[in-house]
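Using UniProt numbering, the first residue of the sequence shown is number 1, and each one after it goes up by one.
Worksheet: one structure, shown below.
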Amino acid sequence: MSFNLATILTESALGHPDKVAVISGAHRLTYAEIDAASDRFATGLRDQGIRPGDPVGLQLPNLPQFVIAYFGILKAGAIAVPMNVLYKADEIAYILKDAGTRMLITWAGVAEEAAKGASQAGVSNLVVVTIPGMPDTTLGTPFERLLAVAPDGPAVIHQPDPGDTAVIVYTSGTTGRPKGAELTHFQLFMNADTPGRLFGVRDDDVIMVVLPLFHIFALSSILDVCVRFAATMTLVPRFDPDTVLATIQRDRVTVFEGVPTMYVALLNHPGLDRYDVSSLRIGISGGAPIPAQVIDDFEARFGIVILEGYGLSETASTTTFNVSAEDRRVYSVGRPIWGVQVQVWDEHGQVLPPGADHIGELMVRGVNVMRGYRGNPEASAEAFSDGWFHTGDLGYVDEDGYFFVVDRKKELIIRGGYNVYPREVEDAIYTHPAVAQAAVVGVPDDLLGQEIKAFVALRAGLELTAEELIRHVKDRIAPYKYPRLVEFRPELPVTAAGKILKREL
Numbered sequence: 001m002s003f004n005l006a007t008i009l010t011e012s013a014l015g016h017p018d019k020v021a022v023i024s025g026a027h028r029l030t031y032a033e034i035d036a037a038s039d040r041f042a043t044g045l046r047d048q049g050i051r052p053g054d055p056v057g058l059q060l061p062n063l064p065q066f067v068i069a070y071f072g073i074l075k076a077g078a079i080a081v082p083m084n085v086l087y088k089a090d091e092i093a094y095i096l097k098d099a100g101t102r103m104l105i106t107w108a109g110v111a112e113e114a115a116k117g118a119s120q121a122g123v124s125n126l127v128v129v130t131i132p133g134m135p136d137t138t139l140g141t142p143f144e145r146l147l148a149v150a151p152d153g154p155a156v157i158h159q160p161d162p163g164d165t166a167v168i169v170y171t172s173g174t175t176g177r178p179k180g181a182e183l184t185h186f187q188l189f190m191n192a193d194t195p196g197r198l199f200g201v202r203d204d205d206v207i208m209v210v211l212p213l214f215h216i217f218a219l220s221s222i223l224d225v226c227v228r229f230a231a232t233m234t235l236v237p238r239f240d241p242d243t244v245l246a247t248i249q250r251d252r253v254t255v256f257e258g259v260p261t262m263y264v265a266l267l268n269h270p271g272l273d274r275y276d277v278s279s280l281r282i283g284i285s286g287g288a289p290i291p292a293q294v295i296d297d298f299e300a301r302f303g304i305v306i307l308e309g310y311g312l313s314e315t316a317s318t319t320t321f322n323v324s325a326e327d328r329r330v331y332s333v334g335r336p337i338w339g340v341q342v343q344v345w346d347e348h349g350q351v352l353p354p355g356a357d358h359i360g361e362l363m364v365r366g367v368n369v370m371r372g373y374r375g376n377p378e379a380s381a382e383a384f385s386d387g388w389f390h391t392g393d394l395g396y397v398d399e400d401g402y403f404f405v406v407d408r409k410k411e412l413i414i415r416g417g418y419n420v421y422p423r424e425v426e427d428a429i430y431t432h433p434a435v436a437q438a439a440v441v442g443v444p445d446d447l448l449g450q451e452i453k454a455f456v457a458l459r460a461g462l463e464l465t466a467e468e469l470i471r472h473v474k475d476r477i478a479p480y481k482y483p484r485l486v487e488f489r490p491e492l493p494v495t496a497a498g499k500i501l502k503r504e505l
């Protein structure tokens with residue numbers, strides 16, 4: 001048996017050749033055009049010496065070239081290694097070395113840093129994308145040169161085993177050096193096909209892609225899903241509320257997928273009323289827990305339902321999901337998708353019963369769980385217990401099988417012997433109308449071990465004192481949970497995917 005994930009593109013091109021696959025500003029590419037371009041790119045990779053099983057670094061923003069290169073890499077039988085465009089040379093070099101990459105595909109905006117990292121890693125094969133408006137660079141091979149190589153005869157897609165690695169996604173490295181999660185062709189197909197069917201993605205959907213494609217959420221849950229069901233993607237290279245709202249209006253976007261900070265920014269945007277967002281039919285949130293107040297306010301303001309899901313890089317993205325407005329448990333992350341099991345374990349490895357009083361670590365096994373960490377058998381072994389993957393997330397399950405994520409295990413605050421979950425405190429903070437962003441962390445305290453501190457960014461034009469916020473939160477949660485320390489900032493630091501960077505705070 002053989003299967004290549006790129007089959008989802010060839011099949012959609014066969015069934016919908018003239019359907020617009022990608023919108024990028026004023027440019028539109030059909031499924032037939034993307035399929036043919038990725039065929040040529042695969043041929044170009046082979047001419048550059050890339051062979052089946054070779055990892056290829058893919059460091060591009062949300063551009064059509066990302067889509068073409070991604071499927072070209074897969075068609076050539078190589079392994080895609082998505083990389084953050086904001087990485088510095090040392091970070092680039094680390095991932096290139098760790099994955100054993102043979103080539104790095106980058107773009108002119110970061111070519112100098114990419115070239116330094118590639119040189120440090122001993123990777124001499126550098127391919128550079130240049131887009132209009134950017135200065136030309138003499139670094140590396142132009143992307144177009146690989147596209148100029150026509151296949152000798154009918155395009156041939158390499159046929160790997162379904163269990164072979166298709167993509168290596170690196171973790172964020174919050175607890176040490178990033179680790180490369182190896183995801184297979186079969187896992188990624190299942191994580192496109194199953195959620196897409198559950199959610200009801202249609203070929204007439206226009207789906208916003210503002211999350212970076214090098215992140216597992218966008219790669220697996222948006223790009224792969226869109227291509228599997230021949231939907232249209234509209235690419236936005238960087239999140240900006242005005243750009244996103246203008247794109248929704250221009251392209252009649254039907255599905256918005258984002259992380260909580262994006263929903264907060266759109267909801268609080270002072271110019272929101274200037275845009276027509278009536279085409280939206282649904283919102284999808286993931287990447288981090290979304291505050292309950294944000295869900296309520298956004299749904300009321302935009303007139304759509306937000307469906308929340310849960311997953312990790314190691315689980316090929318989707319693990320649990322609220323599949324529809326009719327079959328959801330608001331504030332939960334839904335139920336496990338087909339082929340996936342989730343349990344809640346205590347610290348002794350015992351399965352906990354349902355109920356909010358039984359909080360433990362979420363454990364996952366199923367078709368979506370990675371093969372292991374690239375070249376790191378020790379970390380791979382530590383990540384599993386009896387075939388179950390340790391997510392590092394704390395949560396509980398209710399009587400109907402809906403899961404609720406409470407917080408990251410490592411972010412748990414223990415104040416004077418009491419467990420405090422930052423998300424619960426953040427939810428209380430977000431109920432104040434002046435708050436735009438909030439993050440709660442534990443800071444060292446000589447008496448209590450840890451004290452609770454809140455970092456807060458306010459909505460434009462509104463004022464709030466620390467004492468007023470503390471009083472507001474104190475009225476809503478137990479006395480040992482409210483923050484004693486509050487620090488206001490103009491904005492909170494976020495990752496390229498829009499998650500608040502608590503480790504910096």
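Ideal placement from N, C-alpha and C gives every residue a C-beta, glycine not left out.
Take residue i as the anchor and find which of the options has the nearest alpha-carbon.
i	options	result
L394	R415, H27, L352, H472	L352
A36	G25, D47, S12, S24	S12
F71	K502, P132, I157, F403	I157
V294	A231, E426, I413, G200	E426
F66	G372, G140, K179, A218	A218
L412	R423, F404, F403	R423
D204	L235, G77, A21	A21
V330	F403, A381, P483	F403
R301	T315, P289, D276	D276
V110	T194, T138, D475	T138
L307	G283, L462, V123	G283
G449	V435, V420, L464	V420
Q159	S2, R371, W338	S2
A457	Y31, L45, A438, D357	A438
T261	R274, V167, T254, P289	P289
E361	Q48, F214, K409, L223	K409
I68	L267, E112, L146, P17	L146
F488	V473, H472, V435, I73	V435
R197	E182, G271, V225, L213	V225
T41	H27, G77, T30, L14	Sequence check: residue 41 is Phe here, not Thr. Of the candidates H27, G77, T30, L14, the one whose C-alpha sits nearest the C-alpha of F41 is G77.
V397	R503, I359, M103, T106	I359
V494	H16, L211, L104	L211
What residue range is occupied by the uninterrupted beta strand (DSSP E) comprising residue i?
i	result
T138	Note, T138: premise wrong, no beta strand (DSSP E); not H, not E.
Q343	340 to 345
Y418	418 to 420
F256	255 to 258
L235	232 to 235
G15	Careful: G15 lies outside any beta strand (DSSP E), inside the alpha helix (DSSP H) at 7 to 15.
L146	Taken as a continuous stretch (DSSP letters only), L146 belongs to no beta strand (DSSP E), being part of the alpha helix (DSSP H) at 143 to 147.
P353	Unbroken run through P353: none, as it is neither H nor E.
E361	360 to 366
L58	55 to 58
Helix, strand or coil for residue i? Go by DSSP, reduced to three states.
i	result
F302	helix
F71	helix
N191	helix
D400	coil
E411	helix
V110	helix
residue 507	Lying before the first or after the last residue shown, residue 507 is absent from the chain, which here runs from 1 to 505.
D90	helix
Y373	strand
M103	strand
T171	coil
I157	coil
E504	coil
L126	strand
To the nearest whole angstrom, what separates the beta carbons of residue i and residue j, a pair I think is in contact under 8 Å?
i	j	result
V149	I216	About 30 Å; that fails the 8 Å criterion.
G366	V340	4 Å
M208	E144	Rounded, the Cβ-Cβ distance is 28 Å, inconsistent with contact.
A381	F389	A381 to F389, Cβ: 12 Å. No contact.
G334	T320	5 Å
R476	A428	4 Å
CB of residue i to nearest heavy atom of the ligand PLP: below 6 Å?
i	result
V206	With respect to the ligand PLP, the structure shown offers nothing to examine, as it has no ligands at all.
Identify the continuous alpha helix (DSSP H) that holds residue i and give its terminal residues.
i	result
V225	225 to 228
V244	241 to 251
A181	A181 -> not in any alpha helix (DSSP H); beta strand (DSSP E) instead, spanning 180 to 184.
G25	Segment: none, G25 is in no alpha helix (DSSP H) and carries neither H nor E.
I34	31 to 47
4-residue-minimum alpha helix (DSSP H) runs that sit fully inside the segment 270 to 318, ordered along the chain: 292 to 302
Contiguous alpha helix (DSSP H) assignments of at least 4 residues, all confined to the UniProt domain "AMP-binding enzyme C-terminal" (424 to 499): 466 to 474
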